[in-house]
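Counting with the working numbering, you get residues 386 to 441 for the letters of the sequence shown.
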Amino acid sequence: MTYEEAPACDRHESVVPMKLRTMHSDSSRPDTVVGLYECPECGHERRYPIRSGEAA
Ligand SMILES: [Zn+2]
Numbered sequence: 386m387t388y389e390e391a392p393a394c395d396r397h398e399s400v401v402p403m404k405l406r407t408m409h410s411d412s413s414r415p416d417t418v419v420g421l422y423e424c425p426e427c428g429h430e431r432r433y434p435i436r437s438g439e440a441a
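Next comes the structure, spelled out in structure tokens:
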């Protein structure tokens, strides 16, 4: 699976796209899924919102 909106790890001079580990739904924002990303280079984790569904 690839996500074009995957965030880049900011701990490297080069752009290192982070990999999606898990996704969590936010009950207060049902149209938004929060993904937990991990950098394959340094293991840095970061939460990043993923827009689910098609653009309305
Ligand atoms: Zn990194």
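Idealized CB from N, CA, C, for every residue including glycine.
Legend entry - For E423, the first and last residue of its enclosing beta strand (DSSP E): On the sequence shown, residue 423 is found 38 positions in, with the first residue counted as 1. Here the beta strand (DSSP E) through E423 covers R414 to E423.
Legend entry - Collapsed DSSP secondary structure at V400 in the structure displayed: Taking the sequence shown and counting its residues from 1, the one referred to as residue 400 is at position 15. If DSSP states are grouped into helix, strand and coil, V400 belongs with coil.
Inset, instruction - Going by CA-CA distance only, name the one from A391, P402 and E390 that's closest to C427. - result: By one-based count along the sequence shown, residue 427 stands at place 42. Ranking A391, P402 and E390 by CA distance to the CA of C427 puts P402 first.
Inset, instruction - Figure out for me which residue from E423, T417 and S413 has the closest Cα to the Cα of R396. - result: For this step, residue 396 is matched to residue 11 along the sequence shown. That would be E423, whose Cα lies nearest to the Cα of R396.
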